[in-house]
Amino acid sequence: MDFRQDFIEFAVGCNVLRFGEFKTKAGRLSPYFFNAGLFNDGNSLGRLAEFYAKAAQTSGLGFDMLFGPAYKGIPLVAAISIALARDGKNYPFAFNRKEAKDHGEGGNIVGAPLTGRVLIVDDVISAGTSVRESVELIRAAGATPAGVLIALDRQERGQGELSAVQEVQRDYGIPVIAVAGLKDLMTFLANNETLAAHRDAVGRYREQYGVDA
């Protein structure tokens, strides 16, 4: 099975990806909900990191280090760096504090210095706020944002005709790599009889709000 299908099956099994009726931040009624915060034990976080590592490695994107924006990006960036190291790719990583520290080493960056091409890791992109802040931090350090790595791309329009992911790509000129997207979710539902009841609802939602990848 394709690793993207494996990932969706894993997310459903962890109850991270659920089906029903959920109100999004945009006020839409979505037939599915993805909450990466529920990957909250060692086993699930470790497996999640392996999927991120696979997506990064198969993307062909070149990068020199990883950066995780506080707070959700902190455990992600550490776990993904471990998963990559197990595959023989030992990348340095860093994350930021929400507030600068004025004693000890000071500053608001923890971990390796921000240098070279920096891959930002996060769970999803909604408003793109953490990406913007991350890009600013990376550029201020003299490094280059290489791209953004996320778990799920909902592939739906934001305020305009573009999705949040497409807006990030347009605004910063960097690629966004997702472990899986709405298109992959549709494929999963098409091949899963247990969840067949949700196919039509997700399909209608995609027709109404979806964007081309």
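Numbering (the numbering used here), first residue to last: 220 to 432. Positions of the beta carbon are idealized from the N, C-alpha and C atoms, including for glycine. This one's a predicted model, so the numbers in the text were calculated from it and none came from an experiment.
Alpha carbon to alpha carbon, what distance is there between residue j and residue i?
i	j	result
I328	I299	18 Å
A272	S263	14 Å
G261	I301	13 Å
K226	N309	Looking at the sequence shown, residue 226 is not Lys but Phe. Between F226 and N309, the C-alpha separation is close to 23 Å.
K244	F252	11 Å
K317	A416	43 Å
F407	E228	8 Å
E375	V421	12 Å
So, is the C-beta of residue i closer than 8 Å to a C-beta in chain D?
i	result
V337	Considering every chain present, this structure includes no chain D. It has just one protein chain.
For residue i, name the three-state secondary structure that DSSP assigns.
i	result
E228	helix
A331	coil
D403	helix
A360	coil
V395	strand
F270	helix
G307	coil
R373	coil
S345	coil
L199	Here the chain comprises residues numbered 220 to 432, so residue 199 is not present and cannot be evaluated.
Going by DSSP, name the residue or residues bridged to residue i.
i	result
Y290	Partner(s): none; Y290 has no beta bridge.
G256	Answer by DSSP bridge pairing: none, since G256 is not bridged.
I301	None; I301 has no bridge partner.
R425	None; R425 has no bridge partner.
N315	I328
V337	M284, P364
S382	R376
Since residue i and residue j should fall inside the 8 Å C-beta cutoff, what is the C-beta to C-beta distance between them, to a whole number of angstroms?
i	j	result
I344	V350	6 Å
S249	Y424	6 Å
G366	L401	Not quite, the Cβ-Cβ distance comes to about 20 Å (not below 8 Å), so this is no contact.
L381	A360	At roughly 28 Å, the Cβ-Cβ gap does not stay under 8 Å, so L381 and A360 are not in contact.
V340	L368	5 Å
Q276	D403	That pair is no contact at about 18 Å.
Let's see if you can read the secondary structure: which residues bound the beta strand (DSSP E) around residue i?
i	result
F238	236-242
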